[in-house]
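Sequences listed follow chains A and B, in order.
Quick note on my numbering: the first sequence kicks off at 15 and runs consecutively.
Quick note on my numbering: the second sequence kicks off at 1488 and runs consecutively.
C-beta: ideal position from N, C-alpha, C; glycine also.
None of the values given here were measured: they were computed from a predicted structure.
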Amino acid sequence: MLRHTTNWVTKPANRVDGPDKANGAAKYAGDYRVPGQLVTRALRSPIPHARITRLDTSAALKVPGVLAVITSDDFVDHGRFGFPVADNFILAYQKVRYVGEGVAIVAAVDADAAEAGVNAIELDLEQLPVIEDMEQALRPDAPVIPDVVTEGSKKGQPNVCLTQIVRNGDPEPIIAASPVQLDQTYATPFQEHAYLEPEAVLSIPNPDGSVIIYACDQSPFNNRGIAAAVLGLPEDKVRVIQAIVGGSFGGKDEGVYQMSAQTAKLALLTNRPVGMVFSREESIIVSYKRDASKIRVRLGADKDGKLQAAKVEAWLDGGAYSAETVLTAWRAAMHLAGAYTYQAVTGDVHVLYTNNNYSSAFRGFGNTEAVACIEQAIDEVAEQVALDPIDMRLKNIIGKGDRTMTGATLNQEVGLRACLEWVRQKSDWDRKRREFPAQNKNARYRKGIGVACYFHGMGLGGEGVDFANATIAIERDNSVTLTNGLTDYGTGARTVFTLIAADVLGARPERIKVLLTDTETAINSGPTVASRASVVGGNATRVAAEKIAQLLTFAAANLFKCAPAQVLRDKEAFIGPDEEPVDFDTVVNHARQLGYVLSAHGRWQLPVIHWDFEKGTGTPYVGYTFGAQIVEVTVHTGTGRVQADRIWAAHDIGKVLFPEGAYGQLYGGITQGLGYGLMEEVEINHGYIHNVNFDDYIIPTAMDVPPIEATFVEAPFHLGPYGAKNVAEPSMLGVAPALANAVYHATGKRIRELPLTPERVLLGHALHNDDHGDNSRLWLGYADGLRKVRITQAA
Amino acid sequence: MNSFGYVRAGSIDEAVALLNTPGVNSRALAGGTDLMVAVRAGEAGSFDRVVDISTIPDLRGIAMVGSRARIGAATTFSEIMRSGLIQQHARFLADAAHSVRTMQITNMATLGGNVANAAAAADTPPVLVCLDAEAIIATPAGQQRMPVASLLRGHLKNTLPAGGLIVAFEFDPLSVDTRNTFLKLGRRNALTISRINMAATGRLQADGHIAEARLVAGACFSRPRRAREVEALLQGRLPSAALFAEAGQLLMRLMVQEVGQRWSTEYKALALAAMVEEALETVLPLPANETETVRSIGVKSVESMR
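Listed below in structure tokens is the structure:
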């Protein structure tokens, strides 16, 4: 059934979810209204770290209109959850560890009653010392944040959750013997996902004691698993339906699972539907962020700029709960030294507990932080050996058959060289690198141009078994329905699945509908993360569609009274030996008459690889995506303001299945990278988030995004459907370090701490607004002094 | 969120009457771009109703009245940006309005609202102060005039007489040989609160000496006011990079003197001095041998905006 030409895949196509989103018909979880629906309000911690010495909700239950109040006591094992480290709770248990952590939830008939209910809850908190940063977390006398035994506990550093390592030889003697050495430390900020849709869930109880949860989650099956466990129900009593999701970028895992379990519990207690919708401020204060990092890079190179060895150590601020930072750290470790060949590399990534909110998944998942740092370090080495930054990279990048920084052999086509050469040529790099430094030294506006490149491991890699399930059915009206266990939270996956199914079946995309992912109709496929939907979910769709296509070919052969191999296809037409085309509907109807069941299930799995987490050796990924990005900037030397003038991007993502979608991901990713590089930074002062809405937490507007010239290098990838790889996460990786390198080129100032705010560029360091939490407390309901929360000092 | 009533005024007299109805705490509502945000944040205080003044014909429009330019208080930023009269006589006011750079706001926000709200970082007040503009204020006792500079008392504080409503602004158009500029430093290019903004005008004598310079910095003093000390320094001198640097240093010292050392001072002092130099270079052109390439970022240069 292999097709070498395609009818729909790779061709111009519209997003299948586009019209509904554009005309307002798409329903998000916060849009659902059902009779009897209750609203919720939360009692949240007003301080970063405290022991809960008393929590009494009895008065709240007496408030008119309040129907239920829940705390950690309402869940199995106090609602403990978390993978791989079970240190988190559905609602705070015994301690609160960050500002905004949920302590109790009230369900009531309206918002005023719910708010009055929250104000009636009595909560006594005994203040604990606050760990404001990673240095404090490592001090021997630091208060211990988690209630689990950590890897660091054995070494007297209980706030070190764990350390992910890479061991590929011994770099130290090689670096020591290298004529060119670099030892620099870089830092990256907390980043807010800034999805358009704040979190929303709706839980509806069923008469049989089961519950339906509509949620804006990334991974409905993970959501179901956690909800069932903490509710004490078998998984078949919890049905999770993913509503249309308005963006996620990694941000709608743990937090939405907490909301789902909370509302499900309240729905079961009250026997009423219970909704929960966050305001933007609640979303920013309560939801997790991209970890902030510090990364120390030591490199050794020879006089010609050939890299010899790397020793990289990173510290990630995981905040109050480890969440997915444990896995983020692993991916960071696998990429710490970049897309280069070395004789030896070691990497150590430590996950630390602090009282700074908490960190988890975010686009790039550790590699964003790694690329941001190593790509500046490579430029610093290039300067030491007086090599052009692109020549430096071309000299050292990995190619087919080379050993990557982890020591694994790269057994795939590599389009990285082509990417670097494309951006070099398109940006007029060589002339600009030569001419910009000749600008007047005193000029108020100075231009610079910088580059970064990357590799990004595909799929889950060593994090877990990487599979997906799809189903396909031809309905009575000859429309086609698809399900996939991997979801579309705005990524375009639904369209990719549609195009693949259309192509394999020979059915117009208009016939095909991808259902919302529902744990009762779709088949568990693990989490929708790691930009794996197109490759793994796409292959599962292909497998399912091939089964149906085969049945249709048999039916057509029966109709034509010929051998199946004699049946030809032209889009929807089936053509037999007499060359008279028969349409899709006729063949489908004939297949039914033959008794064929026109539904199928496809499962597909990436080859199993092995990574030894203890030893830090093995094969981390089955393959990689590559890319290079160049940013040209103008820097105002009087104010430190940086303007990106133009961006060039070339990415090897294998075969492009849905060009509009891929470019959409690319432009969006570049914009998110621009924000990460220039302006985005969740400012946490003494544990309080200062910028709690988009007036203070700023992201690029359309006026900030410069022209982007981009291309895809389609190095074929044998495992991907049609040779495809992935683009969602890699798209943002190069922008921030390319910006930093461009600012250096323009000004001679190396700013090793992101984002490149005017203060950092002008002064060389950031300035901190010494906000003591008024902004956060206002939005957590503490402005009017009606909360009955008593805070005492520890004796 | 508080609940409150709504009433629409059809005329200035009706608006003043409604705003002064005994026993009813009323707030004037024009574009709502500040008021509604404050209401949501619980920062607007309590009031019984809003009086919508946005459709009163006499509060809108831009025209010459005798030798003076007059802008109705409920004129929107978009109308100011598009006005040929403003482009001709006080282009930097259009630039300040445009610096908001989002039509959702510029179509609603009004000049009177921007002044009455008196936010320290507001973009049009420095320009009005630089123009020595007057506000015409309707009160139950009749109309009165006040310089815009004395209407602004500090962040979110105005000196409007009780029950007063700004009706219009008037100013003398800039002479044809006066250059003007508005600069804005924000964290991004649109929808950004000014860290510093600046309005300046300058005129040279035939012999190249400075006939007049005016400079107003916003968002870094307790309220926008003409930097008379800097203006005096410049008066009668020949433009030079050294003179402008001295002017920048002077304003920087004045800022620290007035508002003291804050968390942001280390940065703002340097940026303010740089912006003074840039503004003065634009309105008081340096001799050719001192000119350097100046291209604005943060705000598009005046030229590229047209």
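Neighbours of E773/A across chain B, judged by C-beta separation under 7 Å: Y1754. Excluding its 5 nearest sequence neighbours in each direction, A1714/B has C-beta neighbours in its own chain below 6 Å: L1702, L1738, listed in chain order.
When CB distances to chain A are screened at a threshold of 8 Å, the residues of the segment 1733 to 1763 of chain B falling below it are W1750, S1751, E1753, Y1754, L1757, A1758, A1760, A1761, M1762, in chain order. Chain-ordered, the chain A residues with CB closer than 9 Å to the CB of L1678/B read F708, D709, I712, T715, M717. The Cβ of L1672/B sits closer than 9 Å to at least one Cβ of chain A. R1666/B has a beta carbon lying at 9 Å or more from every beta carbon in chain A.
By the Cβ neighbour-count rule, A1729/B is exposed, with fewer than 16 other Cβ atoms within 10 Å of its own. E594/A carries a coil assignment under DSSP once its states are collapsed to helix, strand and coil. Of all residues in the segment 1505 to 1535 of chain B, those with a C-beta nearer than 7 Å to a C-beta of chain A are G1529, reading in chain order. Contact holds between the segment 216 to 228 of chain A and the segment 270 to 279 of chain A, because three or more Cβ pairs, one in each stretch, are under 8 Å apart. Within the segment 258 to 324 of chain A, the runs of alpha helix (DSSP H) at least 4 residues long that lie entirely inside it are, in chain order, 268 to 284, 294 to 300. Taken through DSSP and simplified to helix, strand or coil, F588/A comes out as strand. Counting only unbroken stretches of 3 or more residues, the beta strand (DSSP E) elements lying wholly within the segment 163 to 231 of chain A are 174 to 182, 194 to 202, 214 to 219, 225 to 229, in sequence order. Here the C-alpha atom of I309/A lies approximately 11 Å from the C-alpha atom of A347/A. A check of alpha carbon separations from A156/A across T164/A, P172/A, V162/A identifies P172/A as the nearest.
Between P751/A and G462/A, the C-beta gap is not smaller than 9 Å, which leaves the two residues out of contact. Here DSSP, grouped into helix, strand and coil, assigns V326/A to strand. Only exposed fits N456/A, as fewer than 16 other CB atoms lie within 10 angstroms of its CB. Restricting attention to D798/A, K669/A, W329/A, G675/A, the CA atom closest to the CA of G734/A is found in K669/A. With a threshold of 9 Å between beta carbons, T1589/B makes contact with chain A. Listed by position along chain B, the residues whose Cβ is nearer than 9 Å to that of M693/A are R1674, R1675. With fewer than 16 other beta carbons inside 10 angstroms of its own, A1693/B counts as exposed. At a cut-off of 9 Å between beta-carbon atoms, G261/A makes no contact with chain B. The C-alpha of L680/A lies about 30 Å from the C-alpha of A780/A.
Rounded to whole angstroms, W436/A and F235/A show a C-alpha spacing of 41 Å. When Cβ-Cβ separations below 9 Å define contact, R1569/B makes no contact with chain A.
For a Cβ distance threshold of 8 Å, nothing in chain B lies close to H704/A: the least Cβ distance comes to about 11 Å.
Counting every other CB atom within 10 Å of its CB across the protein chains shown gives P185/A a total of 16 or more, marking it as buried.
In terms of CA proximity to V244/A, D88/A leads the group D88/A, V23/A, G471/A, Q580/A.
Scanning its chain for C-beta atoms nearer than 6 Å, with the 5 sequence neighbours on each side dropped, one finds around Q657/A the residues T648, in chain order. For N783/A, the chain B residues whose Cβ falls inside 7 Å of its Cβ are W1750, in order along the chain.
Fully contained in the segment 494 to 523 of chain A are the following alpha helix (DSSP H) runs of length 4 or more, in chain order: 507 to 519. Shown here for R286/A: same chain residues with a beta carbon closer than 6 Å to its own, the five before and five after excluded, namely G50, L52 in chain order.
Rounded to whole angstroms, the Cβ separation of S1541/B and G1559/B is 11 Å, and the two are not in contact under 8 Å. For Y677/A, the enclosing alpha helix (DSSP H) starts and ends at 673 to 692.
In this structure, I661/A keeps its C-beta atom at 9 Å or more from the C-beta atom of V727/A.
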